[in-house]
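J.: Quick note on numbering: the UniProt record's numbering labels position 760 of the sequence shown as 760, and the sequence is numbered without any gaps. Beta carbons are placed, not taken as given, at the ideal position from N, Cα and C, and that holds for glycine.
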Amino acid sequence: DSKAQQTDLEWISYPPNGWEEISGLDENYTPIRTYQVCQVMEPNQNNWLRTNWIEKGNAQRIFVELKFTLRDCNSLPGVVGTCKETFNLYYQETDSEVGRSLRENQYVKIDTIAADESFTQGDLGERKMKLNTEVRIIGPLTRRGFYLAFQDVGACIALVSVKVYYKKCWSIIENLATFPDTVTGSEFSSLVEVEGVCVNDAEEEADNSPKMHCSAEGEWLVPIGKCICKAGFHQKGDACEPCGRGFYKSSSQDLQCSRCPAHSFNDREGSWRCDCEDGYYRALSDPASVACTRPPSAPQNLVYNINQTTVSLEWSPPADTGGRNDVTYRVVCRRCGWEPEECVPCGLNVGYSPAQSGLVDTYVSIVDLLAHANYTFEVEAVNGVSDLSRTQRLFLVAVNVTPSQVSEVIKEKVQQRSIQLSWQEPRQPNGVITEYEIKYYEKDQKDRVYSTVRSKSTSATVNNLKPSTAYVFQIRAFTEAGYGTYGPRLEITTKEEATGSIQTVVAVAGTIILVFMVFGFIIGRRYALAVKFPGTKTYIDPETYEDPNRAVHQFAKELDASCIKIERVIGAGEFGEVCSGRLKLPGKRDVSVAIKTLKVGYTEKQRRDFLCEASIMGQFDHPNVVHLEGVVTRGKPVMIVIEYMENGSLDGFLRKHDGQFTVIQLVGMLRGIAAGMRYLSDMGYVHRDLAARNILVNSNLVCKVSDFGLSRVIDDDPEAVYTTTGGKIPVRWTAPEAIQYRKFTSASDVWSYGIVMWEVMSYGERPYWDMSNQDVIKAIDEGYRLPAPMDCPPGLHQLMLDCWQKDRAERPKFDQIVGILDKMIRNPNTLKTPLGTCTSPLLDQSTPDFTAFRSVGEWLEAIKMERYRDNFTAAGYSSLESVARMSIEDVMSLGITLVGHQKKIMSSIQTMRAQMLHLHGTGIQV
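What follows is the structure in structure tokens.
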């Protein structure tokens, strides 16, 4: 900067009597050194001035700022033809100083510099010097330095100052990564990618190294990737600080330090875990965040039951689980003599149900024990830190054989409310039978709640039964060794009630029911007239809020910016970049999201408009409307986070996959859009910009309505509209009344939906092709409507025409549109004839009756696809019923690669399904 030097600049002037160095004052009356030249009286001037050598350092793109004054030639008498009002700027690149010689042919011209303002002699006298400022750019430079040169060709000029500079992005810390001073690139549009270096005690996030791009204007762009504090450290501002004593952080993925869990401690800073107190432990699989625990106490209330050579054990959980929820149980079985030291393990001949160890439930059965033997059983409670479990022991003595089944049962007497039974003693009583137990329950009772009756003898009467009811009976015997098993089931039905009493009851009940029906009918009618059912949820316009921040926080969830990982920039929106990334909320798996960012330097109005869309989206919850995950308003950049739709906008997706979908698949897409619009319409919401470009498609081909920038609310009154005072309207998608009067309703959205139908069936073609907007408006007003796209079924085109009725009251509602499309999907033949003119709801008379074919081969011949007969046979499709269940993926798996043949076969299969459903009711799912 020449103004920074107070002494002589000593630049090279050639010839010596040309440019002259003079001391002067700048506009702030600060002393400066200037160069002047005014050789206007003589023709053919060629005066050169060269700066000292300028070392460029790392700069590649150099800015030169010139400040100068210039005399108006008209104010100089007698200089016509010799006076000029411009001068030339040159530069020369060198690796070192070249001395004081000056060769014109070695210089490269930058530009001719002209003055925007010139002065006259009068101006000079009044000190109204008119200062000009011009900036020029040179580069890219490749040598170590350069000279600047100024050529005067006959002007009266004073060079007030020369400033030479370059631009760089200043060092910053972003996402715990340091980005150094970075010189901008050599081109105007170039971006310099810079790798960040993590601050102390931080590390790069996995597969997400920090990067930023330095723009040509010296600005950092949206950061990608980040650093995170290491285990034992947490973020504070732009640095990582160690966790204090009594706190820990086990992983770099954790956001903050946590207090030591129960029964653990640490006495040092920067800890990644806490040590357990004496008597407490952690299992190897326990994370550091889990409290230290101990082994459980013994199980409680151990009881047993003996049934022949089977012992059933039951118990209650331990009083102290040790602080863990992974308690299991194991059983130790020993066969013993009469002295405890004579016990030996039971061995492999004994079985355990459900298992011997690892038991979660508090019961077990031990089978195949020896009769007339003594056993000892131990039940142990075990958890993840059990070194020595505590046990409760139960000694069982003389496990003897119980009685065999009672199998010969006779029904002695059957009454309306009682049944008398008798039976024979079991063939193998295995001891003295002291009593019998009779179990019975109603046969048709779902929960099989049973009752029991005991008898000392081999007969019993069961009372308090229901008339005309089937009962099931089972009997078992009891000895000192325990109960035997129940015998076979015996089914007996009690007798009916007397006829007269039944008729009386029926007559009385009928009279009561009739009275209640009449009374209920009268009351019901009156009630129906008085009751008004509540409406559905209503949309609230965010612009009605005085404070926009209140609206966005009422309808949208505030997200922590640390939960959002930006991966790449995928586009540019009206307010800033659009990125893809991941959202990881605590306790949930991470999901793919799209992130809209608000550019740096936004105005308050831009911020309000940016968040308005989030306030709108946050009120919607429907599978065919794009879902808002949340917003970031308390950090920078401000972000709107929505679900990620992998296949992008519908129009581009259809153009990319032209001709690759069946008609039913396309109708399914249209049905999803209509369902989303039905939901919005029911909420009293008008979209105003419904078009295929504003429909997003996910990986499952689900279409969702998006882009709520032009949307507005309407009142509950069906005739109410929203009238704008101006603004742009998408003419090709907009209803005539909306274009002419700027009145928008759900009916105008239906018109737009008809255009979307046309876009879908034409695979993303531009509506009205190359017609101008004015031609489109004129054609619609004269009654012109878009023709059916190629291969579009007549039924679908008729629905489009219905959506394009000039009188908006005659257009279908979205609820009706969804119903029509559902009918088309269920019965594909309705696509062939416009609804309302079709003679049969399912069958077109010109369509072959596929149900009349006797084999798959005959069907393939009828549709002229017999070349694939072997493909179907090899894959096992031997009947038309199996063919009717095929999907497009099944057809492709047969090796049928031609798209046209795939569509023809699938169209025939869909018609076959409809015929089977209509004619035979086979129940094949469409």
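Tell me the rounded alpha-carbon separation between Q235 and G99.
T.: Those two C-alpha atoms are separated by around 56 angstroms.
J.: Does the Cβ of I909 have 16 or more other Cβ atoms within 10 Å, making it buried, or fewer, making it exposed?
T.: Result: buried.
J.: Checking the sheet assignment: what are the DSSP bridge partners for W758?
T.: DSSP, once it has assigned bridges, lists no residue as partnering W758.
J.: Drop a sphere of 10 angstroms on the beta-carbon of L583, count the other beta-carbons inside from all chains shown, and report buried for 16 or more, exposed for fewer.
T.: Under this definition L583 is a buried residue.
J.: Are at least three pairs of beta-carbons, each pair with one atom in the region 319-336 and one in the region 361-369, less than 8 angstroms apart?
T.: Yes, since at least three Cβ pairs between the region 319-336 and the region 361-369 fall closer than 8 angstroms, the two stretches touch.
J.: Helix, strand or coil: how does DSSP classify K605 here?
T.: If DSSP states are grouped into helix, strand and coil, K605 belongs with the helices.
J.: What separation, rounded to the nearest whole angstrom, lies between the Cα atoms of E546 and F814?
T.: Those two C-alpha atoms are separated by around 33 angstroms.
J.: On the DSSP letters alone, give me the boundaries of the beta strand (DSSP E) that Y441 sits inside.
T.: Counting along the chain, the beta strand (DSSP E) containing Y441 begins and ends at E435 to E442.
J.: Over the uninterrupted alpha helix (DSSP H) stretch that includes H797, give me the two end residues.
T.: Counting along the chain, the alpha helix (DSSP H) containing H797 begins and ends at P794 to C803.
J.: Which term fits G351, buried or exposed, when burial requires 16 or more other beta carbons within 10 angstroms of its beta carbon?
T.: So G351 counts as exposed.
J.: Assess contact between the region 31-50 and the region 1-12, defined as three or more Cβ pairs (one per stretch) separated by less than 8 angstroms. Is contact present?
T.: The region 31-50 is in contact with the region 1-12.
J.: Out of F653, R808, G764 and K636, which one is the CA nearest neighbour of E174?
T.: It is K636 whose Cα lies nearest to the Cα of E174.
J.: Once you ignore the five residues that flank E187 on each side, which residues in its own chain have a CB closer than 8 angstroms to its CB?
T.: Answer for E187: R61, P140 and A216, listed in chain order.
J.: Between R144 and E10, is the Cβ-Cβ spacing less than 8 angstroms?
T.: No.
J.: Assign Q45 to one of two classes, buried (16 or more other C-beta atoms within 10 Å of its C-beta) or exposed (fewer than that).
T.: That one is buried.
J.: Check whether the Cβ atoms of P730 and A691 sit closer than 8 angstroms, and answer yes or no.
T.: Contact: yes.
J.: Could you say which of R268, V385, V818 and T51 lies nearest to Y14 if we only look at CA atoms?
T.: Among R268, V385, V818 and T51, the Cα nearest to that of Y14 belongs to T51.
J.: To the nearest angstrom, how far is it from the Cα of E193 to the Cα of C579?
T.: Using only the alpha carbons, I get a separation of about 17 angstroms.
J.: Evaluate the contact criterion for the region 286-293 versus the region 255-275: three or more CB pairs, one atom per stretch, below 8 angstroms.
T.: Yes, since at least three Cβ pairs between the region 286-293 and the region 255-275 fall closer than 8 angstroms, the two stretches touch.
J.: Tell me, which residues are paired with P242 by DSSP?
T.: Paired residue(s): F233.
J.: Would you report the Cα separation of P426 and T479, rounded to the nearest angstrom?
T.: Taking the straight line joining both Cα atoms gives about 12 angstroms.
J.: What are the residues that DSSP puts in a beta bridge with G581?
T.: Per DSSP, I566 and V593.
J.: Could you tell me which uninterrupted alpha helix (DSSP H) segments, each at least 4 residues in length, are contained entirely in the region 851-892, listed from first to last along the chain?
T.: 856-862, 869-874 and 880-884, all fully within the region 851-892.
J.: For E866 and G618, what's the separation of their Cα atoms in angstroms?
T.: Rounded to the nearest angstrom, the two C-alpha atoms are 54 angstroms apart.
J.: Per DSSP, what kind of secondary structure is I664 in: helix, strand or coil?
T.: Note: I664 maps to helix in three-state DSSP.
J.: Determine the contact status of G232 and G270, defining contact as a CB-CB distance below 8 angstroms.
T.: In this structure, G270 lies closer than 8 angstroms to G232 by Cβ.
J.: If you run the structure through DSSP and keep just helix, strand and coil, what is H687?
T.: Coil at H687, not helix or strand.
J.: Hey, how far is the Cα of V776 from the Cα of S762?
T.: C-alpha separation (whole angstroms): 18 angstroms.
J.: Pull up the distance between the alpha-carbon of Q392 and that of T309, whole angstroms please.
T.: Confidence at Q392 is low in this model, with a pLDDT of 46, below 50, so the placement of that residue is unreliable and no value is reported for it.
J.: Quick check: S615 and V686, are their CB atoms within less than 8 angstroms of each other?
T.: No.
J.: Taking Cβ to Cβ, would you say P43 is nearer than 8 angstroms to T82?
T.: Yes, Cβ-Cβ distance for P43 and T82 is below 8 angstroms.
J.: Give me the Cβ distance between C169 and C227, rounded to the nearest whole Å; I'm assuming they're in contact under 8 angstroms.
T.: That pair is no contact at about 19 angstroms.
J.: Give the C-beta separation of residue 931 and R273 to the nearest angstrom, bearing in mind that I take them to be a contact with Cβ-Cβ under 8 angstroms.
T.: As shown, the chain starts at 1 and ends at 926. That puts residue 931 outside it, with no answer to give.
J.: Which same chain residues, not among the five before or five after N200, have their C-beta less than 8 angstroms away from its C-beta?
T.: The residues are A239 and C240.
J.: For chain D, check one thing: does any of its Cβ atoms lie closer than 8 angstroms to the Cβ of C169?
T.: Given the protein chain composition of this structure (a single chain), no chain D is represented.
J.: What's the gap between the Cα of residue 937 and the Cα of H901?
T.: It is not possible to answer for residue 937, since the shown part of the chain is limited to 1 through 926.
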